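Take my numbering: the last position of the sequence shown gets the number 333, and nothing is skipped along the way.
Idealized CB from N, CA, C, for every residue including glycine.
Note that the coordinates shown come from a computational prediction; the quantities given were computed from them, not determined experimentally.
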Amino acid sequence: MKKKGILERLKEGPVLGDGGYLLELEKRGWVRAGPFTPEVALMYPEALRELHVEFREAGSEVLQALTFYASRDKLATVGLENRLEELNRAAVRIAREVAGDRCLVAGNLSLTWMYEPGSQSAADRVRKTFDEQLAVQVDEGIDFVIGETFSWLGEALIAVERGKKTGLPVMVTVCFENKDETAEGKSAEETAKALIDAGADIVGMNCLRPPQHMLPSMEKMRKAVSGFLACQPVAFRTPKEKPDFTSLPEFPVALDPLQLTRKEMGDYATQAQQIGINYIGACCGTAAAHIREMARALGKLPEDSRIWNRGGEKPMSAYEYYGHDQFETAKKG
Ligand code: ZN
């Protein structure tokens, strides 16, 4: 049976995405902090497979192939430019194996660091970079294309253009650094409109900022366009005057105490749904535990059907002893 496509699913209601791969795999020892390149797909495929399984079991309806930064120029910085095809192939294949018929698999393009505003030759180089990755990802059977983490609207528009050539649905999201605008100074409203006008099926924001500093811009996008919107914030607490977590001195190896709780990410999913976001996912710092609470908040987590006889003569767990279950009942009220 053919899987229901992303656009069909979005028409039916919110779709739950997955979390952040590179930072989580870095924490586990499989990715190098600094370059953050994704050769884990070749070097330690089991580690990547395991993280996909965790997101799937937590309720993610889409698994993104870990091809973020799997572009020629970026891989060249770690001497792996000749393994581009192999790497993109392996990443999509692993995601597809784990997805089975339960999740969709998104191919993935990311910022190239090659874009320069107003430069035709830089734009052509970005085009070539995207096409090279897409050819392999499409060949391996991705369900749709995600282009993400673009500070430059200009680069995001090239991702829409190249993504559309595949004939698959295209989702492209930008990121705002420490100012509430793209690198060329475009507002949330202008950005959403430009991406939709270029033909993107789903537009929005991802990475760099936590929900608190991303949702206000998403609300502006919601008012500006009527198409599908995606939101994938990071799960790190950042100050208002420096909302981009990668600009903090804690990046990358002292972020642990800044990580948001599962409950905070669950609350984020509820808020995103309330403001009319269609694709609700997350980015760096978001592990499977966060996704599970987001799934619960969106009503996508099945009730646990295992036996638990509580309320007996004696409390048989700290949960009962301190009355947390009563608190829970009162809350549901
Ligand atoms: Zn991220």
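Contacting residues, own chain, Cβ-Cβ under 7 Å from residue i (five flanking each side not counted)
i	result
residue 7	169 and 201
residue 159	109, 130, 147, 150 and 172
residue 290	19, 235, 262, 265 and 282
residue 222	229, 275 and 276
residue 248	238 and 242
residue 137	65, 67, 88, 92 and 107
residue 105	63, 65, 92, 95, 96, 99, 142 and 143
residue 162	127, 130, 131 and 134
residue 313	none
residue 55	18, 19, 63, 288 and 291
residue 52	63, 94, 95 and 98
residue 323	none
residue 28	47
residue 181	187
residue 364	What the structure shows of the chain is the stretch from 1 to 333, and residue 364 is not part of that stretch, so it cannot be assessed.
Whether residue i touches residue j by CB criterion (8 Å)
i	j	result
residue 149	residue 103	no
residue 80	residue 37	yes
residue 298	residue 273	yes
residue 94	residue 41	yes
residue 391	residue 269	Lying before the first or after the last residue shown, residue 391 is absent from the chain, which here runs from 1 to 333.
residue 70	residue 288	no
residue 125	residue 176	no
Beta-carbon proximity list for residue i, same chain, < 8 Å, skipping 5 on both sides
i	result
residue 154	115, 117, 123 and 184
residue 251	245
residue 33	26, 252 and 253
residue 316	310
residue 301	59, 292 and 295
residue 43	30
residue 49	94, 97 and 98
residue 5	104, 143, 144 and 169
Expected contact under 8 Å - CB spacing of residue i and residue j to nearest Å
i	j	result
residue 84	residue 132	7 Å
residue 194	residue 157	7 Å
residue 271	residue 216	Their Cβ separation, rounded to whole angstroms, is 11 Å, which puts residue 271 and residue 216 out of contact at 8 Å.
residue 25	residue 294	Contact doesn't hold; Cβ gap of about 20 Å is too wide.
residue 174	residue 205	6 Å
residue 14	residue 196	That pair is no contact at about 19 Å.
residue 320	residue 310	6 Å
residue 45	residue 90	6 Å
Other residues of its chain near residue i: CB distance less than 6 Å, five sequence neighbours each side excluded
i	result
residue 188	217, 220 and 221
residue 22	31 and 36
residue 10	228 and 278
residue 305	none
residue 198	157 and 160
residue 286	19, 20 and 235
residue 186	153
Residue i Cβ short of 7 Å to the ligand SAH heavy atom set
i	result
residue 13	With respect to the ligand SAH, the structure offers nothing, as its ligand set consists of the ligand ZN.
Residue-chain proximity (residue i, chain D), Cβ-Cβ < 8 Å
i	result
residue 95	Looking at the structure shown, chain D is missing, and only one protein chain is on hand.
**Prompt:** So which residues touch the region around the ligand ZN, with touch meaning a C-beta under 6 Å from any heavy atom?
**Reply:** 20, 207, 234, 283 and 284
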